Amino acid sequence: MAEFLESGFLQRALAAGILVSGLCGVLSVFVVLRRMAFIGVGISHSAFGGVALGFLLNVSPFWSGVSFAGLVALLIEWSRSRGRVEEDTAIGILFSASMALGVLFLHLSRTYNVDVFGFLFGNILAVGQGQLWEILALAGLVLAIVFVFFKEMVFLSFDEAMAWVSGVPVGFLRYLFLVALALSVVVSIYLVGIILVEALLVVPGAVARNLTRQIRHMAAVSAAVAVGSTVVGLAVSYWLDLPTGAAIVGVLSSVFFATLGLSRKKTHRLA
Amino acid sequence: MGTAVEIRDLTVKFNGIVALEEVDLEIKEGSYVGILGPNGAGKSTLLQVILGLVRPTRGRVRVFGEEPEKLRGKGRVVGYLPQRPLMNPSFPVSALDVVLMGRYGRVGLFRRPGRQDREVAIRSMERVGIAHLAKRNIGELSGGEQQRVFIARALCVEPRLLVLDEPTVSLDACAQDELYDLIAGLKQEMGLTVLMVCHDVGAISRYVDDVICINRRIHVHQPPPIGRMGLEQTFGCSVEYLFHGEVPHRVVRGHDG
Chain A
26 MAEFLESGFL QRALAAGILV SGLCGVLSVF VVLRRMAFIG VGISHSAFGG VALGFLLNVS
86 PFWSGVSFAG LVALLIEWSR SRGRVEEDTA IGILFSASMA LGVLFLHLSR TYNVDVFGFL
146 FGNILAVGQG QLWEILALAG LVLAIVFVFF KEMVFLSFDE AMAWVSGVPV GFLRYLFLVA
206 LALSVVVSIY LVGIILVEAL LVVPGAVARN LTRQIRHMAA VSAAVAVGST VVGLAVSYWL
266 DLPTGAAIVG VLSSVFFATL GLSRKKTHRL A
Chain B
-3 MGTAVEIRDL TVKFNGIVAL EEVDLEIKEG SYVGILGPNG AGKSTLLQVI LGLVRPTRGR
57 VRVFGEEPEK LRGKGRVVGY LPQRPLMNPS FPVSALDVVL MGRYGRVGLF RRPGRQDREV
117 AIRSMERVGI AHLAKRNIGE LSGGEQQRVF IARALCVEPR LLVLDEPTVS LDACAQDELY
177 DLIAGLKQEM GLTVLMVCHD VGAISRYVDD VICINRRIHV HQPPPIGRMG LEQTFGCSVE
237 YLFHGEVPHR VVRGHDG
């Protein structure tokens, strides 16, 4: 254990992992309750295009990823609100187009030393001090947004029409939440990678929903499940020499299946 | 008494398809108005225009003298019961949490509901007879209890206008009657203007002051009773009768002119 905590890169990995997973755990509540799982997939995969663009233009892939994913998130919401394209269709088109662009950008950039595998499946052990600060800043920003607008976000998730009638700025909050989601997705790429980010956005909320009956408890349990699974996953990957992203998602999924039985008992009378 | 809702020459189109056309309507403050019409006739659209959820393609809408969009920001005039208020039955909130949402418009951004808001919420729940269910999760309640929670939420706004979109649609006959009695009582007690979309002609003729029959265009009746001849004359088209409630009545075709 001491050895695990002594080395600098493991400490940074642990700190980054806790921050990112706690953040995703909180957002996961809304992703699950608002049935936005597919949007999460769309945004995370879109980030690939942005990251690759960063390599092509020789700018920070982190910030180009954030911008690109944020832009795609806004485009998804914009096309939904215009009502011309179904939301899931818009997501399907934008995310595959972004990934295709990503492949093209990587091809054009001709940088063969890029850790594409790391972006796709996560490489938390490569997080440096500067990136840790970026993660801390973005996690703080997103958590502050959620804290400030928590009651409106719950209302919006529960009953959008009524929220609108009550004067809640529904349109603004929908965009804001998607931007928050895009920011979180990009910081999560360090931890589990583009392909596996979805697990952090969906599973903690799903577990918490199995276990709780009150939304604040659900948020707390969701964050705790995400952080706990990440710490356990990191430890497992360290001792068994397994890929960290996959280990974390493996732990998360196991927790979900373990709690599935509990939810049956709780909700049988709701059917 | 003033005018609660005033609509002049209203037309609403969705992607070029006409949902409502040439609607002129005036609803007096303190009246109880029922809205009848076949599926797809524009009943919900009319409510949504009044609530400011849908923008008119043409025409003028005023609610208590103001544009609905401006009114909504104030969050304290219109209480609304949507047609399917519980989209997600296992949403982890208690009945009291749901009722408190009615206060959010008044509370505003960046603030949390205070003690006074909780008191108003609990009083609203007492009014509709569900104070004892406050701590229960919304999904665990019966359909009738849930509708009462949503009516309590609408009352929690402390509204002048109560808008109900098919409040009894999923209830059994007994619960339906109870709910109609409850709404009529609340209207009297609180001096509300009530606007209710409803399929139950029997209930409508028993409780309401005016009936708006709607099928893209509208016609206003003053029951009771809604007579067959009267309907056919005023609509200028054939009316199919279904035995449903006390007064069998169903408009089946569009009738332009």
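If you read the sequences in order, they're chains A and B. Numbering of the first sequence is given in the working numbering, commencing with residue 26 and proceeding in unit increments. Numbering of the second sequence is given in the working numbering, commencing with residue -3 and proceeding in unit increments. Glycine included, C-beta positions come from ideal geometry on N, C-alpha and C. Values in this document were obtained by computation on a predicted structure and should not be read as measured data.
Residue i lies in the beta strand (DSSP E); which residues open and close that run?
i: E29 of chain B; result: One point to set straight first is that residue 29 of chain B is Val, not Glu, in the sequence displayed. Per DSSP, V29 of chain B belongs to the beta strand (DSSP E) from Y28 to L32.
i: D5 of chain B; result: T(-1) to F10
i: D206 of chain B; result: D206 to N211
i: M97 of chain B; result: Careful: M97 of chain B lies outside any beta strand (DSSP E), inside the alpha helix (DSSP H) at A91 to M97.
When you compare the CB of residue i with every CB in chain A, is at least one pair closer than 8 Å?
i: L47 of chain B; result: yes
i: F87 of chain B; result: yes
i: P58 of chain B; result: Position check: residue 58 of chain B holds Arg in this sequence, whereas Pro was assumed. Answer no: the Cβ-Cβ gap between R58 of chain B and chain A never drops below 8 Å.
i: L42 of chain B; result: no
i: V29 of chain B; result: no
i: L105 of chain B; result: yes
i: P163 of chain B; result: no
i: V116 of chain B; result: no
i: A78 of chain B; result: Sequence check: residue 78 of chain B is Pro here, not Ala. Yes - at least one Cβ of chain A is within 8 Å of the one on P78 of chain B.
i: M97 of chain B; result: yes
i: Q229 of chain B; result: Per-residue confidence for Q229 of chain B stands at a pLDDT of 44, beneath the threshold of 50, marking its modelled position as unreliable; the derived number appears in the next sentence. Taking Cβ atoms only, chain A never reaches closer than 8 Å to Q229 of chain B, which makes this a no.
i: V74 of chain B; result: yes
i: R111 of chain B; result: no
i: G101 of chain B; result: yes
i: R68 of chain B; result: yes
Is there a C-beta anywhere in chain B that falls below 8 Å from the one on residue i?
i: I101 of chain A; result: no
i: G33 of chain A; result: no
i: I308 of chain A; result: Here chain A comprises residues numbered 26 to 296, so residue 308 of chain A is not present and cannot be evaluated.
i: T237 of chain A; result: yes
i: E376 of chain A; result: With chain A running from 26 to 296 in the structure shown, residue 376 of chain A is simply not present.
i: R107 of chain A; result: no
i: I170 of chain A; result: no
i: V190 of chain A; result: yes
i: L166 of chain A; result: no
i: F183 of chain A; result: yes
i: M61 of chain A; result: no
i: R199 of chain A; result: no
i: F180 of chain A; result: yes
i: L58 of chain A; result: yes
i: R234 of chain A; result: yes
i: I149 of chain A; result: no
i: A245 of chain A; result: no
What first and last residue would you give for the alpha helix (DSSP H) that runs through residue i?
i: F146 of chain A; result: V141 to F146
i: R241 of chain A; result: I240 to L265
i: E185 of chain A; result: E185 to V190
i: E159 of chain A; result: Q154 to V173
i: G117 of chain A; result: E112 to S134
Below 6 Å CB to CB, which residues in the same chain sit around residue i once its five sequence neighbours on both sides are set aside?
i: G30 of chain B; result: M192, C194, I200, V204 and V207
i: V11 of chain A; result: In the structure displayed, chain A extends from 26 to 296; residue 11 of chain A sits before or after that span and is not available.
i: G139 of chain B; result: S166 and L167
Pull up the distance between the alpha-carbon of residue i and that of residue j, whole angstroms please.
i: L96 of chain A; j: P86 of chain A; result: 15 Å
i: L259 of chain A; j: I273 of chain A; result: 7 Å
i: V145 of chain B; j: V141 of chain A; result: 52 Å
i: A72 of chain A; j: K176 of chain A; result: 29 Å
i: L67 of chain B; j: A186 of chain A; result: 15 Å
i: Q36 of chain A; j: E62 of chain B; result: 60 Å
i: F231 of chain B; j: G33 of chain B; result: Any reading at F231 of chain B must be qualified, since the residue scores a pLDDT of 47, below 50, and its modelled position is unreliable; no value is offered.
i: I118 of chain B; j: G275 of chain A; result: 45 Å
i: V91 of chain A; j: I116 of chain A; result: 17 Å
i: L4 of chain A; j: V128 of chain A; result: Look at the range of chain A in this structure, 26 to 296, and you will see that residue 4 of chain A is not part of it.
i: Y200 of chain A; j: S209 of chain A; result: 14 Å
i: E185 of chain B; j: L166 of chain A; result: 48 Å
Please work out which residues of its chain come closer than 7 Å, Cβ to Cβ, to residue i, disregarding the five sequence neighbours upstream and downstream, and give them in chain order.
i: P78 of chain B; result: D161
i: A40 of chain A; result: L157
i: A98 of chain A; result: I68, L203, V204, L206 and A207
i: H70 of chain A; result: F120, S123, M124 and I219
i: V252 of chain A; result: I43, S46, G47 and G50
From this set, the options, which residue's C-alpha is nearest residue i's C-alpha?
i: A150 of chain B; options: B:Q112, B:S120 and B:I3; result: B:S120
i: S121 of chain A; options: A:G74, A:I43, A:D184 and A:F55; result: A:G74
i: N235 of chain A; options: B:V8, B:V19, B:D196 and B:P88; result: B:P88
i: T237 of chain A; options: B:I13, B:E65, B:A171 and B:S90; result: B:S90
i: G104 of chain B; options: A:F174, A:L225, A:H242 and A:A62; result: A:F174
i: K183 of chain B; options: B:G38, B:G12, B:I13 and B:G75; result: B:G75
i: I149 of chain A; options: A:D113, A:R105 and A:L221; result: A:L221
i: V76 of chain A; options: A:F93, A:A271 and A:T114; result: A:F93
i: V45 of chain B; options: B:N35, B:Q142, B:R4 and B:L82; result: B:R4
i: D113 of chain A; options: A:G65, A:F34, A:G47 and A:G153; result: A:G65
i: E17 of chain B; options: B:L175, B:N133, B:G101 and B:T41; result: B:T41
i: G48 of chain B; options: A:G253, A:D266 and A:V190; result: A:V190
Is there at least one Cβ from chain D nearer than 8 Å to residue i's Cβ?
i: R108 of chain B; result: This model lacks chain D altogether; the protein chains it does include are A and B.
Which same chain residues, not among the five before or five after residue i, have their C-beta less than 8 Å away from its C-beta?
i: S278 of chain A; result: A224 and V228
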